[in-house]
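*Asks:* Heads up, the sequence shown is in the numbering used here, so the first residue is 6 and it goes up one at a time.
I am attaching a structure below and will ask some questions about it afterwards.
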Amino acid sequence: MRTAGIDIGSRTVKLAILEDGRLRAARKRENSFDPLAVCRELLDGERFDRMVATGYGRHLFAREIAARTVSELTAAATGARWLLPSCRTVIDIGGQDTKALSLDDSGRLLRFEMNDKCAAGTGRFLEVIALALAARVSEFGALAASAAGSCPVSSTCTVFAESEVVSLIARGVPRNQIALGVTESIALRAASLAHKAGVFPDVLFTGGVALNPAVQRALEARLHVAVQVPDDPQIVTAIGCALLAASSPADLDASPA
Ligand code: ADP
Numbered sequence: 006m007r008t009a010g011i012d013i014g015s016r017t018v019k020l021a022i023l024e025d026g027r028l029r030a031a032r033k034r035e036n037s038f039d040p041l042a043v044c045r046e047l048l049d050g051e052r053f054d055r056m057v058a059t060g061y062g063r064h065l066f067a068r069e070i071a072a073r074t075v076s077e078l079t080a081a082a083t084g085a086r087w088l089l090p091s092c093r094t095v096i097d098i099g100g101q102d103t104k105a106l107s108l109d110d111s112g113r114l115l116r117f118e119m120n121d122k123c124a125a126g127t128g129r130f131l132e133v134i135a136l137a138l139a140a141r142v143s144e145f146g147a148l149a150a151s152a153a154g155s156c157p158v159s160s161t162c163t164v165f166a167e168s169e170v171v172s173l174i175a176r177g178v179p180r181n182q183i184a185l186g187v188t189e190s191i192a193l194r195a196a197s198l199a200h201k202a203g204v205f206p207d208v209l210f211t212g213g214v215a216l217n218p219a220v221q222r223a224l225e226a227r228l229h230v231a232v233q234v235p236d237d238p239q240i241v242t243a244i245g246c247a248l249l250a251a252s253s254p255a256d257l258d259a260s261p262a
């Protein structure tokens, strides 16, 4: 069976196609004011037997395009275990959400924690701060890693943190020290969610922010365990959807979030 999983996130839409237990396609596009158009573009020309959707836009998508839906938590846990069968903890930092999931030995969700509605400590927060530091988000990790020491950024609100960064720049604090301070604050928030959910090795770090190696290292320093990042951390939840598309309808959208 050929199955598709689509993860309609706040910043990007991700598509994974699986066949015979193998990943056949993995693609992503930036999201826009018209998520359905982005989804249609991603799906254009793709053939599959079944599809499952997750993410912010999943209900709109399911109404307009025939697909079943599943919670992001179930999809993230399923994708994580497929990529790393020994995974017991998933930390996912996307555009607007930070999630920590703890799983039992068989991969069932034991507990989860999520950030509140505030974007602090998420990918969007990183984008705003990167802009203030005149850095690309893709370069942010290298910038932070180049600092010998960090300059703490204490504001938790994205707007206040941006102002704090602007005044630190005006005081002559080097950009890389600010970048490291921001990285540490993101890791602190994610680690505290993970501690609440329970941290059991192996730990997998997923979502777009996992592309930032400085956040990975800062998480390891906070959690005192190795934190693994898959080759394409953004696609994990979409893979989970594609796996769940092959399972029975009873497994779908029966879980929280
Ligand atoms: P969502 O599922 O909410 O759409 P993603 O998992 O796609 O979010 O993550 C988006 C975030 O990932 C962005 O806000 C940005 O901070 C981060 N990001 C995206 N690309 C990169 C990159 N190349 N390097 C580092 N961080 C990145």
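Even glycine gets a Cβ: it sits at the ideal position worked out from N, Cα and C.
Bear in mind that the values here come from a model prediction, so they are computed numbers and not experimental data.
Buried or exposed for D121, please, with buried defined as at least 16 other CB atoms from any protein chain shown within 10 angstroms of its CB.
*Replies:* Residue numbering aside, residue 121 sits at position 116 when the sequence shown is read from its first letter. By the neighbour-count rule (16 or more Cβ atoms within 10 Å), D121 is not buried but exposed.
*Asks:* How long is the line joining the alpha carbons of A226 and L193, rounded to whole angstroms?
*Replies:* Locating residue 226 in the sequence shown gives position 221, counting from the first residue. Locating residue 193 in the sequence shown gives position 188, counting from the first residue. Roughly 10 Å separates the two Cα atoms.
*Asks:* On the DSSP bridge assignment, give the partners of Q233 in chain order.
*Replies:* As a position in the sequence shown, residue 233 is number 228, starting the count at 1. Paired residue(s): L209.
*Asks:* I'd like the span of the beta strand (DSSP E) that includes F117, first residue to last.
*Replies:* For this step, residue 117 is matched to residue 112 along the sequence shown. L114 to M119 is the span of the beta strand (DSSP E), which, as asked, contains F117.
*Asks:* Identify whether S260 lies in helix, strand or coil by the three-state DSSP scheme.
*Replies:* Looking up residue 260 in the sequence shown gives position 255. Bear in mind that a pLDDT of 45 at S260, under 50, signals an unreliable position, so the number given afterwards is only what the model happens to contain. S260: coil per DSSP, three-state reduction.
*Asks:* When the Cα atoms are used, what is the spatial distance from E46 to S37?
*Replies:* What you label residue 46 is simply residue 41 of the sequence shown in a count that begins at 1. What you label residue 37 is simply residue 32 of the sequence shown in a count that begins at 1. Approximately 12 Å, taken between the alpha carbons.
*Asks:* From the DSSP output, read off the bridge partner residues of D97.
*Replies:* Taking the first residue of the sequence shown as 1, we reach residue 97 at position 92. In the DSSP output, where bridge partners are listed per residue, D97 has K104 and T211.
*Asks:* Use the C-beta contact count for D97: other C-beta atoms within 10 angstroms, 16 or more gives buried, fewer gives exposed.
*Replies:* Counting from 1 along the sequence shown, the entry for residue 97 is found at position 92. Buried: at least 16 other Cβ atoms inside 10 Å.
*Asks:* Quick one, which of V208, R27, F66 and G50 has its alpha-carbon nearest I11's?
*Replies:* Within the sequence shown, residue 11 is the residue found at index 6, counting from 1. For I11, the nearest C-alpha among the options comes from F66.
*Asks:* Taking 6 Å as the limit between beta carbons, can you name the residues of its chain near I70, skipping five residues before and five after?
*Replies:* Along the sequence shown, one-based indexing puts residue 70 at 65. Within the same chain, I70 has no close Cβ partners at all.
*Asks:* With 16 other CB atoms within 10 Å as the buried threshold, where does D49 fall?
*Replies:* Your numbering for residue 49 matches position 44 in the sequence shown. Exposed, by the Cβ-count rule.
*Asks:* Just the Cα atoms here: how many angstroms apart are S168 and R86?
*Replies:* As a position in the sequence shown, residue 168 is number 163, starting the count at 1. As a position in the sequence shown, residue 86 is number 81, starting the count at 1. Going by the C-alpha atoms only, they are around 40 Å apart.
*Asks:* Less than 8 Å between the beta carbons of R16 and E35, yes or no?
*Replies:* For the purposes of this step, residue 16 is identified with residue 11 of the sequence shown, where counting begins at 1. For the purposes of this step, residue 35 is identified with residue 30 of the sequence shown, where counting begins at 1. Going by C-beta atoms, R16 is nearer than 8 Å to E35.
*Asks:* Can T8 and A251 be called in contact, C-beta distance under 8 Å?
*Replies:* Against the sequence shown, residue 8 aligns to sequence position 3. Against the sequence shown, residue 251 aligns to sequence position 246. Result yes, Cβ atoms of T8 and A251 sit closer than 8 Å.
*Asks:* Report the option in L41, E51 and R55 whose CA atom is closest to the CA atom of Y61.
*Replies:* Start at 1 with the first residue of the sequence shown, and residue 61 comes out as number 56. Here the closest residue by C-alpha is L41.
*Asks:* Could you tell me the distance, in whole angstroms, from the CA atom of V43 to the CA atom of G14?
*Replies:* Working through the sequence shown from its first residue, we reach residue 43 at position 38. Working through the sequence shown from its first residue, we reach residue 14 at position 9. If you take the alpha carbons of V43 and G14, they lie about 11 Å apart.
*Asks:* Can you tell me the Cβ-Cβ gap for P238 and T211, rounded? I've got them flagged as a contact below 8 Å.
*Replies:* Looking up residue 238 in the sequence shown gives position 233. Looking up residue 211 in the sequence shown gives position 206. Right, the Cβ-Cβ distance comes to about 5 Å (below 8 Å), so this counts as a contact.
*Asks:* Among I134, C92 and V57, which one has its Cα closest to the Cα of Q233?
*Replies:* In the sequence shown, counting from the first residue as 1, residue 233 sits at position 228. Nearest of I134, C92 and V57 to Q233, Cα basis: C92.
*Asks:* DSSP beta-bridge partners for I13?
*Replies:* Reading the sequence shown from its first residue, position 8 is the one you call residue 13. Paired residue(s): V18 and G60.
*Asks:* Using the beta-carbon count (16 or more within 10 Å), is K201 buried or exposed?
*Replies:* Within the sequence shown, numbered from 1, the residue matching residue 201 stands at position 196. Counting Cβ neighbours within 10 Å, K201 comes out exposed, since fewer than 16 surround it.
*Asks:* Between which two residues does the alpha helix (DSSP H) harbouring R176 extend?
*Replies:* Along the sequence shown, one-based indexing puts residue 176 at 171. Note, R176: premise wrong, no alpha helix (DSSP H); not H, not E.
*Asks:* What residue range is occupied by the uninterrupted alpha helix (DSSP H) comprising R222?
*Replies:* Counted from its first residue, the sequence shown places residue 222 at position 217. Per DSSP, R222 belongs to the alpha helix (DSSP H) from P218 to L228.
*Asks:* Compute the Euclidean distance between the alpha carbons of L272 and G177, then round it to the nearest angstrom.
*Replies:* Nothing in the structure corresponds to residue 272, since the chain is present only between 6 and 262.
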